[in-house]
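Asks: Below is one structure. I have some questions about it.
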Amino acid sequence: MDCSDLAELSNADVLNRLSRQAVKAGIPLSASMELTERCNLHCVHCYLGDQDALRQNRARELNTAQWLKVIDQIADLGCLYLLITGGDPLIRKDFAEIYTHARRRGLLVTVFTNGTLVTDAMVELFRELPPFVIEITLYGATQATYEAITGVPGSYARCLAGFEKLRALGLDARLKTILMKPNQQEFQQIADFCRAHSHRGKFRFDFEIQGCLDGEKGPIALRLDPEEAVRMELTQPDRAQSWRDYYQKRLPQMPANPDRLYNCGAGTGMFHVNPYGQLQPCLTVCHITFDLAEGTVAEGLAALQQRLAALKAPEDSMCGQCSQRMVCSSCPAFSYLESGIEQKPSGFQCQVTWARSRAFQQQEVLSK
Numbered sequence: 022m023d024c025s026d027l028a029e030l031s032n033a034d035v036l037n038r039l040s041r042q043a044v045k046a047g048i049p050l051s052a053s054m055e056l057t058e059r060c061n062l063h064c065v066h067c068y069l070g071d072q073d074a075l076r077q078n079r080a081r082e083l084n085t086a087q088w089l090k091v092i093d094q095i096a097d098l099g100c101l102y103l104l105i106t107g108g109d110p111l112i113r114k115d116f117a118e119i120y121t122h123a124r125r126r127g128l129l130v131t132v133f134t135n136g137t138l139v140t141d142a143m144v145e146l147f148r149e150l151p152p153f154v155i156e157i158t159l160y161g162a163t164q165a166t167y168e169a170i171t172g173v174p175g176s177y178a179r180c181l182a183g184f185e186k187l188r189a190l191g192l193d194a195r196l197k198t199i200l201m202k203p204n205q206q207e208f209q210q211i212a213d214f215c216r217a218h219s220h221r222g223k224f225r226f227d228f229e230i231q232g233c234l235d236g237e238k239g240p241i242a243l244r245l246d247p248e249e250a251v252r253m254e255l256t257q258p259d260r261a262q263s264w265r266d267y268y269q270k271r272l273p274q275m276p277a278n279p280d281r282l283y284n285c286g287a288g289t290g291m292f293h294v295n296p297y298g299q300l301q302p303c304l305t306v307c308h309i310t311f312d313l314a315e316g317t318v319a320e321g322l323a324a325l326q327q328r329l330a331a332l333k334a335p336e337d338s339m340c341g342q343c344s345q346r347m348v349c350s351s352c353p354a355f356s357y358l359e360s361g362i363e364q365k366p367s368g369f370q371c372q373v374t375w376a377r378s379r380a381f382q383q384q385e386v387l388s389k
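Residue numbers for the sequence shown follow our numbering, so the first one is 22 and each next one is one higher.
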């Protein structure tokens, strides 16, 4: 173990301790800000919907001064982590001013971007004020696959060029992907490339594609079959081990609040502000909001927490008696975007959970 490894372990330990203390004190440790829904790409799976329509909403977005005020309230609340995302946040001309203010308020800022808008000026900004993490999504191992998903010629080369500029600074720059039908044949190539080029070989991916915020269900058709998604997921040793450890730890436990619909950290450990000044429990819970024009972030969180606490899981829900409930990734907000009913379990997430369970049980039998 070298000094950098020791420092990383030490930092992780400190952050974990802070997290535990924040939970006890009722302080949300993580916030996210979606500066815009606008993006220069037209990804086929995007939950935000049609980009041409979204551009019409530009005038409704919070202005620079309003975002700086939100950041001040987030910092004053005691938050530690801030995610700046979009759309693509770099598309806003005031990104540098917003980002700089967040960094100088002491927040650990992570940036999600597609990488195609990383200019030399952006490189200088990140050189002076490095982000905590910066993540770029690589949709394909080849130009053809990547651009079939993004819908923009030349975007593959610009994405990789942007990432290389960031990597050259020595930042914690990481590549990730979304696993779906259009790129599943290149998944292992994508994973290998991401691990080879990301900071410390870190790589993550997701396959839970959801419906659009405007109600459009088209992206759902791009999902892999749940069994196939889990099979491909478990080809990645680190991901497989992470889930195996999670199952072993969580399966014997009981939910702390079994009657609550939302049993996660939404609105308590985390919260989200959308481009139009609506405070949400998290990025996905877009139907439960508080207008920040009517009050502060702290006041909004108190209101959201009351609303979330009042939402109860149906007494006759199939989830209540399910043996996998403690390891299931089922999310009411995901269900809402899928079916319009947050109390209705997502069939996709349910099947994924059972597929993982069967895979682990089979591995245990084979290892004996």
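Think of the CB as a built atom: it goes at the ideal place given N, C-alpha and C, for glycine as much as any other residue.
Being a predicted model, the structure only gives us computed values, none of them experimental.
#1: Looking at the unbroken alpha helix (DSSP H) that takes in E237, where does it start and where does it end?
#2: With E363 as the anchor, note down where its beta strand (DSSP E) starts and where it stops.
#3: Using a Cβ-Cβ cutoff of less than 8 angstroms, which residues in the same chain neighbour D26 once the five nearest sequence positions on both sides are dropped?
#4: My output table needs one value for H293: the three-state DSSP class, helix, strand or coil.
#5: Residue ranges of each beta strand (DSSP E) run of no fewer than 3 residues wholly in the segment 121-174, ordered along the chain?
#6: Which first and last residues belong to the beta strand (DSSP E) in which I199 is found?
#7: Less than 9 angstroms separating the beta-carbons of L146 and A117?
#8: Output the boundary residues of the beta strand (DSSP E) element that contains I105.
#9: Nearest CA to the CA of A242: which residue from P151, R225, K202?
#10: Apply the 10 Å Cβ neighbour rule to H308 and answer buried if 16 or more other Cβ atoms are within range, or exposed otherwise.
#11: Rounded to a whole number of angstroms, what is the C-alpha to C-alpha distance between M253 and A80?
#12: Leaving out the 5 sequence neighbours to the left and right, which residues in its chain are closer than 8 angstroms to F214 when beta-carbon positions are compared?
#13: So which of L69, R125, Y120 has the shortest CA-CA distance to V132?
#14: Look up K90 in the DSSP assignment and say whether it is helix, strand or coil.
#15: Can you tell me whether I362 is buried or exposed? The criterion is at least 16 other CB atoms within 10 Å of its CB, across all chains shown.
#16: Taking all protein chains shown into account, decide if H97 is buried (16 or more other Cβ within 10 angstroms of its Cβ) or exposed.
#17: Am I right that H218 and R260 are in contact with their C-beta atoms under 8 angstroms? What's the rounded C-beta distance?
#18: Just mark R76 as buried or exposed, buried being the case when its beta carbon has 16 or more other beta carbons within 10 Å.
#19: Which whole-angstrom value describes the C-beta separation of Q370 and F381, a residue pair presumed to lie in contact below a C-beta threshold of 8 angstroms?
#20: Tell whether a beta-carbon distance below 9 angstroms holds between L255 and F292.
#21: Identify whether M253 lies in helix, strand or coil by the three-state DSSP scheme.
#22: In terms of residue numbering, what span does the beta strand (DSSP E) encompassing F224 cover?
#23: Nearest to P240 by CA position, among F311, N278, Y68, is which residue?
#24: How far does the beta strand (DSSP E) with Q269 in it extend, from its first residue to its last?
#25: Quick one: is T374 buried, meaning 16 or more other Cβ sit within 10 Å of its Cβ, or exposed?
#26: What is the C-beta distance between V306 and L300, in whole angstroms, given that I count them as a contact (C-beta under 8 angstroms)?
#27: Can you name, in chain order, every residue of its own chain whose Cβ lies under 7 angstroms from the Cβ of F208, other than the five neighbours on each side?
#28: When the Cβ atoms of the segment 172-184 are set against those of the segment 43-51, are three or more pairs found closer than 8 angstroms?
#29: Determine the contact status of L104 and R125, defining contact as a CB-CB distance below 9 angstroms.
Replies: Once the coordinates are examined:
#1: Unbroken run through E237: none, as it is neither H nor E.
#2: From DSSP, E363 is part of no beta strand (DSSP E); its letter is neither H nor E.
#3: Note that D26 scores 41 on pLDDT, short of 50, meaning its location in the model is unreliable; the coordinates nonetheless yield the value given after this. Excluding sequence neighbours, D26 sits near nothing in its chain.
#4: strand
#5: 129-134, 154-158
#6: 194-199
#7: yes
#8: 102-106
#9: K202
#10: exposed
#11: 42 angstroms
#12: L159, A162, L196
#13: Y120
#14: helix
#15: exposed
#16: The sequence as given places Asp at residue 97; His does not occur at that position. With fewer than 16 Cβ atoms within 10 Å of its Cβ, D97 is classed as exposed.
#17: Contact doesn't hold; Cβ gap of about 18 angstroms is too wide.
#18: exposed
#19: That pair is no contact at about 17 angstroms.
#20: no
#21: helix
#22: 224-227
#23: Y68
#24: Taken as a continuous stretch (DSSP letters only), Q269 belongs to no beta strand (DSSP E), being part of the alpha helix (DSSP H) at 258-271.
#25: buried
#26: Actually they are not in contact, since the Cβ atoms of V306 and L300 sit about 11 angstroms apart, beyond 8 angstroms.
#27: L200, M253
#28: no
#29: no
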